[in-house]
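**Q** Note that UniProt numbering has the sequence shown beginning at 1, numbered continuously upward.
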Amino acid sequence: MWENHCFTSKNYQWCSIICLLFAYYFLKLLFTIFLLIFFRFTLQTRRGGLVKIYDSVLMPGSQYKSLLISERTTVDDLIQILLNCYKSKEVVEQFSLYEVCKSQEYQRKLHPDDSPLQVQQCWTPSQEFHFLIRRNLDYR
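In structure tokens:
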């Protein structure tokens, strides 16, 4: 009775081929799902823009750094990006970002949750605005 159900070498080869085909199509399906998920998240980029930050406090001799950021990037995010650019081990809380207006001679310290891009979008071309990063003297 069991003799009819035993695998012959020919049956074993077919079984191996079927298993390999199943594995191939299963991996192909997994790869397709991965690509769909990956591209779904990468293609959903946020609106953004370019900001210029005067950063000589982080890197002596540097005049400024231009960064492409999203509308959701906060001041703290921006400072962390700058620290990463210079491979600095300092912490974000040691620094603040200032909005500087040369024509009206004022400076305003931005809140850590402010969006630099939204602040910049309010600037008028006739006024001379820029961002400046400074070290917090009261940081402990």
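Note that beta-carbon positions come from the ideal geometry of N, C-alpha and C, so glycine has one too.
Answer with buried or exposed for Asp113, where buried requires no fewer than 16 other C-beta atoms within 10 angstroms of its C-beta.
**A** Here residue 113 is taken as the residue at index 113 of the sequence shown, counted from 1. Label assigned to Asp113: exposed.
**Q** Classify Tyr98 as helix, strand or coil using the three-state DSSP reduction.
**A** Working through the sequence shown from its first residue, we reach residue 98 at position 98. Here Tyr98 sits in strand by DSSP.
**Q** Looking only at its own chain, which residues have a Cβ that is under 6 angstroms from the Cβ of Ser16, when we skip the five neighbours before and after it?
**A** Looking up residue 16 in the sequence shown gives position 16. Taken in chain order, the list of residues that qualify is empty.
**Q** Along the chain, where does the beta strand (DSSP E) that runs through Val51 open and close?
**A** Here residue 51 refers to the residue found at position 51 of the sequence shown. Gly48 to Tyr54 is the extent of the beta strand (DSSP E) around Val51.
**Q** Looking at the secondary structure, which residues open and close the beta strand (DSSP E) in which Leu110 lies?
**A** Translated into the one-based positions of the sequence shown, residue 110 becomes position 110. Per DSSP, Leu110 belongs to no beta strand (DSSP E) and is neither H nor E.
**Q** Can you name the start and end residues of the alpha helix (DSSP H) that Leu82 belongs to?
**A** Taking the first residue of the sequence shown as 1, we reach residue 82 at position 82. Element bounds for Leu82: Val75 to Cys85.
**Q** Give me the Cα-Cα distance between Ile37 and Leu29, rounded to the nearest whole angstrom.
**A** Start at 1 with the first residue of the sequence shown, and residue 37 comes out as number 37. Start at 1 with the first residue of the sequence shown, and residue 29 comes out as number 29. Going from the Cα of Ile37 to the Cα of Leu29 covers about 12 angstroms.
**Q** Measure the Cβ-Cβ separation of Ile79 and Ile133 and say whether it is below 8 angstroms.
**A** Within the sequence shown, residue 79 is the residue found at index 79, counting from 1. Within the sequence shown, residue 133 is the residue found at index 133, counting from 1. Contact: yes.
**Q** Closer than 8 angstroms is the cut-off here; do at least three beta carbon pairs connect the region 101 to 110 with the region 86 to 93?
**A** No: the two stretches stay apart, fewer than three of their Cβ pairs being nearer than 8 angstroms.
**Q** Count the other CB atoms, across all protein chains shown, that sit within 10 Å of the CB of Ile18; report buried if there are 16 or more and exposed otherwise.
**A** Along the sequence shown, one-based indexing puts residue 18 at 18. Exposed: under 16 other Cβ atoms inside 10 Å.
**Q** What do you get for Ser56, buried or exposed, if any count of 16 or more other CB atoms within 10 angstroms of its CB means buried?
**A** For the purposes of this step, residue 56 is identified with residue 56 of the sequence shown, where counting begins at 1. Exposed, because fewer than 16 other Cβ atoms sit within 10 Å of the Cβ of Ser56.
**Q** Excluding the five sequence neighbours on either side, which residues of its own chain have a C-beta within less than 8 angstroms of the C-beta of Gln94, listed in chain order?
**A** Start at 1 with the first residue of the sequence shown, and residue 94 comes out as number 94. For Gln94, where only same-chain residues beyond five positions count, the Cβ hits under 8 angstroms are Arg135, Asn136 and Tyr139.
**Q** For the beta strand (DSSP E) containing Lys65, name the first residue and the last one.
**A** Here residue 65 refers to the residue found at position 65 of the sequence shown. From DSSP, the beta strand (DSSP E) with Lys65 extends over Lys65 to Ser70.
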